[in-house]
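A quick write-up on the structure given underneath.
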């Protein structure tokens with residue numbers, strides 16, 4: 193059976209819903225009392241979506257273990273020199289705010305790896321507090337002890353994160369966890385007995401148990417980090433109640449289904465929030481308010497994620513009922529005010545909801561840098577917010593915003609690497625798929641009339657989203673005269689639950705048909721050259737690249753698969769145990785014979801004889817998500833047929849490349865590969881391209 197026909201037979205058309213203005217009124221029945229300071233918010237679930245095609249700004253120092261290259265040409269000195277400034281770009285992420293000292297902690301590159309740094313005031317040089325060969329992913333100061341911090345990191349891309357304590361006045365670093373199992377985000381609270389709460393899977397790989405420490409300082413923390421409760425499945429800690437008697441936990445089954453539950457520490461009882469039994473709802477975050485009621489981030493009863501209030505009587509009220517986009521983050525300010533950011537077509541908009549401001553008649557929008565994507569939103573004082581924001585032409589930096597005066601203050605200045613005067617903002621286009629599903633596509637266009645060769649950039653996930661964040665590699669390709677398209681095919685996040693579910697299970701082929709619609713659109717654009725189109729993607733994006741090379745062999749001239757899936761069945765059977773059920777909820781259960789047959793038919797390895805274009809495959813040997821066998825299957829199968837395949841294997845990497853030698857080698861080969869196949873054998877531009885090399 194023709195796989196494209198199989199995919200088409202699996203699809204169902206959906207109607208589009210109108211999108212009203214995202215400024216909801218504050219419901220009269222919602223009373224939001226003054227909040228207490230909140231712990232750091234980290235919404236992601238361990239084992240959840242990670243897009244390895246995102247540029248890795250924070251790389252580690254070379255450790256002497258070089259990548260293994262097979263069938264790849266040398267990277268020319270000319271290419272290395274052209275690419276080098278782009279690889280020097282950096283960014284900042286907000287780790288924590290310290291209102292008592294009016295300072296912030298950031299995560300950024302120090303030397304060649306991500307470390308915790310202290311910024312004492314806007315514009316001050318960040319001072320590194322941690323060191324080491326592995327990147328830090330989370331950090332926060334200890335309550336009442338601003339000279340001490342906790343942080344989390346893993347080794348060699350294993351994603352088995354450990355928690356450390358450091359007194360940065362003396363530089364002493366202490367491992368608090370067991371050193372081998374996987375630990376989720378920790379929460380710290382200044383309760384009557386200061387405490388740290390986190391989850392870990394030391395008892396059983398698929399299960400994240402609850403651990404609690406009520407001590408401070410490295411000795412006390414290490415001695416008192418104890419198992420508080422055994423839990424089945426995937427859990428992370430969302431919040432600690434101000435009195436320290438209860439924590440909010442998030443139980444995670446899939447992107448489409450999760451729940452917030454109360455865990456009482458004294459007796460170990462676990463209680464689901466009232467009226468949350470619907471099977472198709474995701475509860476992403478929850479905060480305690482001053483009176484014990486909750487503010488919850490969820491898509492309960494609606495297509496998009498919004499804010500909901502749960503009062504002490506167990507009644508729910510929608511706080512943002514008319515927002516037609518996902519609310520992606522929130523922060524609580526004094527006087528019951530709520531700041532929240534929405535993801536509107538990939539760009540962030542920031543709003544303030546004030547129950548005491550009748551004149552605003554709802555939420556008022558706050559200023560952000562142009563075209564910004566906001567992360568790490570949190571309160572930095574009674575009237576102040578802090579966050580990281582960047583755009584397609586500027587790496588993320590840290591800002592604070594006084595919501596009363598409207599003053600926006602920039603704290604850090606991240607280097608762009610290359611000269612930013614040539615950087616381009618993408619434009620947004622709408623492409624209709626064959627069954628009427630609308631697709632958002634970001635287009636980065638080189639200067640000149642073209643027609644330009646095209647590189648289609650497929651994000652991972654699949655529940656991720658292409659957003660106009662700063663990617664120096666995309667800007668590099670544009671500078672070489674290659675247009676870059678970032679489509680959000682069905683299954684992408686940011687466009688509602690219905691859209692995100694259109695590729696689930698045996699509907700996977702619909703996403704491949706979306707690629708065909710993008711190729712059709714390219715053919716109708718006079719500035720783009722439909723005869724010179726390549727694709728690159730990582731993880732799930734790598735799967736889409738491989739499947740598209742088979743489905744559209746006569747329309748694609750080259751492809752790059754980074755840590756991607758070649759065989760959906762073997763992927764599900766061999767991914768780490770704690771992720772298997774999570775991925776079955778997305779791809780289908782391979783143990784069901786009927787589903788298994790469809791998954792096998794939709795696997796690129798089944799259709800390998802249809803692939804004719806040259807392929808570049810790159811993978812990490814320690815990948816816990818997509819085992820390296822996926823890369824080796826497709827490389828062996830194509831080489832057996834005499835196809836051109838470049839292969840890069842990084843022995844000390846996981847799901848992506850975080851070490852400088854591996855990242856830089858990968859991008860050097862990526863640039864060489866697509867210049868050869870999109871611009872000509874010698875890397876020279878075609879006559880119709882006007883962008884200089």
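In the working numbering, the protein residues as written are 193 to 885.
For each residue, glycine too, the CB sits at the ideal point set by N, CA and C.
Leaving out five residues on either side along the sequence, give the residues of the same chain with a beta carbon under 7 Å from the beta carbon of residue i.
| i | result |
| --- | --- |
| residue 712 | none |
| residue 322 | 307, 308, 328, 343 and 358 |
| residue 302 | 309 and 320 |
| residue 257 | 843 and 844 |
| residue 792 | 761 and 798 |
| residue 430 | 440, 441, 442, 452, 477 and 478 |
| residue 621 | 633 and 635 |
| residue 263 | 837, 838 and 839 |
| residue 485 | 501, 502, 503 and 504 |
| residue 399 | 393, 423, 424 and 425 |
Leaving out five residues on either side along the sequence, give the residues of the same chain with a beta carbon under 6 Å from the beta carbon of residue i.
| i | result |
| --- | --- |
| residue 278 | 609, 610, 664 and 668 |
| residue 456 | 438 |
| residue 374 | 352 and 393 |
| residue 707 | 740 |
| residue 781 | 787 |
Can you tell me whether residue i is helix, strand or coil according to DSSP?
| i | result |
| --- | --- |
| residue 285 | strand |
| residue 745 | coil |
| residue 535 | strand |
| residue 494 | coil |
| residue 525 | coil |
| residue 340 | strand |
| residue 503 | coil |
| residue 779 | helix |
| residue 227 | Any reading at residue 227 must be qualified, since the residue scores a pLDDT of 33, below 50, and its modelled position is unreliable; no value is offered. |
| residue 734 | helix |
On the criterion of 16 or more Cβ atoms from any shown chain inside 10 Å, does residue i qualify as buried, or is it exposed?
| i | result |
| --- | --- |
| residue 452 | buried |
| residue 796 | buried |
| residue 425 | exposed |
| residue 531 | buried |
| residue 362 | exposed |
| residue 535 | buried |
| residue 520 | buried |
| residue 379 | buried |
| residue 354 | buried |
| residue 854 | buried |
| residue 597 | exposed |
| residue 687 | buried |
Considering Cα atoms alone, identify which of the options is closest to residue i.
| i | options | result |
| --- | --- | --- |
| residue 570 | 556, 526 and 702 | 526 |
| residue 828 | 846, 816, 845 and 809 | 809 |
| residue 837 | 855, 843 and 805 | 805 |
| residue 760 | 731, 794 and 785 | 794 |
| residue 502 | 514, 516, 539 and 464 | 464 |
| residue 736 | 680, 771, 848 and 597 | 680 |
| residue 493 | 480, 481, 468 and 484 | 468 |
| residue 332 | 345, 275 and 325 | 345 |
| residue 742 | 835, 772, 670 and 722 | 835 |
| residue 418 | 641, 822 and 368 | 368 |
| residue 565 | 583, 579, 573 and 558 | 583 |
| residue 705 | 298, 683, 336 and 324 | 683 |
| residue 764 | 783, 749, 752 and 750 | 783 |
| residue 693 | 752, 386, 474 and 273 | 474 |
| residue 670 | 866, 348 and 286 | 866 |
| residue 572 | 748, 390, 294 and 872 | 294 |
Could you tell me the alpha carbon to alpha carbon distance between residue i and residue j, rounded to whole angstroms?
| i | j | result |
| --- | --- | --- |
| residue 776 | residue 434 | 37 Å |
| residue 234 | residue 716 | Confidence is the limiting factor: at residue 234 the pLDDT is only 33, short of 50, which leaves the residue's position unreliable and the question unanswerable from this model. |
| residue 466 | residue 506 | 6 Å |
| residue 658 | residue 416 | 43 Å |
| residue 746 | residue 727 | 13 Å |
| residue 436 | residue 427 | 19 Å |
| residue 774 | residue 446 | 5 Å |
| residue 313 | residue 603 | 7 Å |
| residue 815 | residue 825 | 15 Å |
| residue 848 | residue 752 | 14 Å |
| residue 544 | residue 555 | 5 Å |
| residue 800 | residue 758 | 9 Å |
| residue 529 | residue 699 | 42 Å |
| residue 285 | residue 324 | 18 Å |
Quick one: what's got a C-beta closer than 8 Å to residue i's C-beta in the same chain, skipping five residues either side?
| i | result |
| --- | --- |
| residue 607 | 280, 281, 282 and 587 |
| residue 677 | 633, 634, 635, 636, 646, 647, 648, 649, 710 and 714 |
Step through the CB atoms of chain B and report whether any lies within less than 9 Å of the CB of residue i.
| i | result |
| --- | --- |
| residue 845 | Within the model displayed, chain B is absent; a lone protein chain is all it includes. |
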